[in-house]
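**Student:** Got a structure for you, written out below as structure tokens; questions coming shortly.
Protein chains in written order, with our numbering: chain A, 7 to 202; chain B, 8 to 298.
This is the structure:
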């Protein structure tokens, strides 16, 4: 039997993480959170979350980094913005979910073969390469890397969509692709220079 | 006034019918549009979660391209609409983001001075053209067709640019002007799950199931959508979302397909044949011509 301490101590917190969240874009008002729970009540996904948005807001501003970044909640958020509209303190909750996702990807806080970060990375790669997204190719790329068997189970639907002219095999591409590459490189450069 | 039309990636793929029918409505209402020159992906909700700063720069390229032409942007896709709007606001509110974006645009010879408006077709039809002008052009009233208007999330949230955030009615009004009956649909702004059906299927299906079941329960003949991803989710997974005891089957169209139909366009030019759940039987039962 493995015994675990179920109560967190002050020393378990990561003050750097708490500072980061309240200084990140959209996190300026997180200290105003009343813990009223309107975010959790309005969230269509909260019934599947390990920490509801209300709890997640509290854990993040207190600096419980491990709990927050390994929570399922940040991946369940579909960015529907219901919480943000309801929040009486106008906290940018959806945007904070994005910030947490970005940080969780950076620090590799997700299970292997988990499709959401893989999809995000493939999406970015396709934008850099073509400037536009071709949905059919994106889906294939993601499932080849995460769950090949699901590619087979979806082939029926794919075929129907192809026949309906909704799954073009040809890749969409913009003409001035060099502009996209220059744009992306410039952002990376400025970010480094200003340490953003 | 001429608008810059920004289709977005989905309208070239799963949302083909949205583009076809939207362009048909533009023609019928004599709205002059020009496709945004060499537009790029807005980054959608996906890019924001990997690299926020870059996503603003990507969206800003489209804003700058439209600004150079001195035109407002029409963005039919809900994700594009939100991302472009959000980018405008964040550039205004955060000096660091503004610096990053201006430099990136400078590197490709573009400038952005916040002089472009991002519009949704719902907004343009309702506020620039007007219900009366549209009703006057209806040649095939959608009489007896009961439509559940589904707005989804990102058209009205988080920014209420032209409609109420909790109970939007712009699509209701447009459909009524086309002669359709609007079904009560309290879940009209509830999330469809977005890409969740692909990444976490059980959860995606759960959200889809309730949206369709409620439309059917309220007697709708068809669901009207404004977003390519909503349309895809609600139409393509009905069989999976339903059960033997509670089967789900209802055509899911773009609101522009219904409008174009009322304005006299023929089925083949507005992509009706691209539906996986055929709408023709419903139209025949209501004696609405579509050829």
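Backbone N, C-alpha and C fix where the C-beta goes; we use that ideal spot for every residue, glycine too.
#1: With a threshold of 7 Å between beta-carbons, can residue 192 of chain A be considered close to chain B, or not?
#2: My parser needs the beta strand (DSSP E) runs of 3 or more residues fully inside the segment 84-161 of chain B; what are they?
#3: Rounding to the nearest angstrom, what Cα-Cα distance links residue 153 of chain B and residue 65 of chain B in this structure?
#4: Which first and last residues belong to the beta strand (DSSP E) in which residue 231 of chain B is found?
#5: Counting only beta-carbon atoms, is residue 172 of chain B nearer than 7 Å to chain A?
#6: Select from A:116, A:186, A:197 the residue whose C-alpha is nearest the C-alpha of residue 131 of chain A.
#7: Distance check for residue 20 of chain B and residue 170 of chain A, CA to CA, integer angstroms please.
#8: So, helix, strand or coil for residue 204 of chain B, using DSSP?
#9: Here's the rule I'm using: 16 or more other beta-carbon atoms within 10 Å means buried, otherwise exposed. How should residue 264 of chain B be labelled?
#10: Counting only beta-carbon separations shorter than 7 Å, does residue 93 of chain A have a partner in chain B?
#11: What does residue 58 of chain A touch in chain C if you count any residue whose Cβ is under 7 Å from its own?
#12: Out of B:59, B:126, B:163, B:210, which one is the CA nearest neighbour of residue 98 of chain B?
#13: From the beta carbon of residue 63 of chain A, is the nearest beta carbon of chain B less than 7 Å away?
#14: To the nearest angstrom, how far is the alpha carbon of residue 82 of chain B from that of residue 232 of chain B?
#15: For residue 118 of chain B and residue 178 of chain A, I'd like the C-alpha separation in whole angstroms.
#16: In three-state DSSP terms, what is residue 188 of chain B?
#17: Touch check for the segment 216-229 of chain B and the segment 174-183 of chain B: three-plus C-beta pairs under 8 Å?
#18: So, does the CB of residue 90 of chain A fall closer than 7 Å to a CB anywhere in chain B?
#19: Any contact of the segment 82-99 of chain A with the segment 28-43 of chain A, i.e. 3+ C-beta pairs under 8 Å?
#20: In angstroms with no decimal places, state the Cα-to-Cα distance between residue 273 of chain B and residue 55 of chain B.
#21: Taking just the CA atoms, how far does residue 188 of chain A sit from residue 115 of chain B?
#22: What distance in whole Å lies between the Cβ atoms of residue 59 of chain A and residue 79 of chain A, which are believed to be in contact at a cut-off of 8 Å?
#23: By how many angstroms is the C-alpha of residue 85 of chain A removed from the C-alpha of residue 67 of chain A?
#24: Beta-carbon of residue 42 of chain A versus every beta-carbon of chain B: anything under 7 Å?
#25: In this structure, does DSSP put residue 44 of chain B in helix, strand or coil?
#26: Within its chain, find whatever has a CB closer than 8 Å to the CB of residue 10 of chain B; leave out the 5 residues flanking it on each side and keep chain order.
#27: Quick one, which residues of the segment 61-75 of chain B are near chain A if we go by CB-CB under 8 Å, in chain order?
#28: Taking 7 Å as the CB-CB limit, is residue 111 of chain B close to chain A?
#29: Just grab the DSSP bridge partners of residue 259 of chain B for me.
#30: From B:111, B:160, B:137, pick the residue whose C-alpha is nearest to that of residue 195 of chain B; which is it?
#31: Using a Cβ-Cβ cut-off of 7 Å, state whether residue 41 of chain B counts as contacting chain A.
#32: Grab the span of the beta strand (DSSP E) containing residue 79 of chain B for me, first residue to last.
#33: Mind pulling the chain A residues with CB within less than 9 Å of residue 339 of chain B?
#34: Compare the C-alpha of residue 20 of chain A against each of A:43, A:72, A:150 and name the closest.
#35: Do you know whose CA, among B:156, B:283, B:191, lies nearest residue 129 of chain B's CA?
#36: Taking just the CA atoms, how far does residue 24 of chain B sit from residue 44 of chain A?
**Tutor:** Looking at the atomic coordinates:
#1: yes
#2: 153-157
#3: 40 Å
#4: 229-232
#5: yes
#6: A:186
#7: 10 Å
#8: helix
#9: buried
#10: no
#11: The structure shown has no chain C; the protein chains it does contain are A and B.
#12: B:59
#13: no
#14: 15 Å
#15: 26 Å
#16: strand
#17: no
#18: yes
#19: yes
#20: 39 Å
#21: 7 Å
#22: 7 Å
#23: 20 Å
#24: no
#25: coil
#26: 38, 39, 40, 41, 78, 79, 80, 81, 126, 131
#27: 61, 64, 65, 68
#28: yes
#29: B:230
#30: B:160
#31: no
#32: 79-81
#33: The displayed coordinates of chain B run from 8 to 298. Any statement about residue 339 of chain B would go beyond what the structure contains.
#34: A:72
#35: B:156
#36: 38 Å
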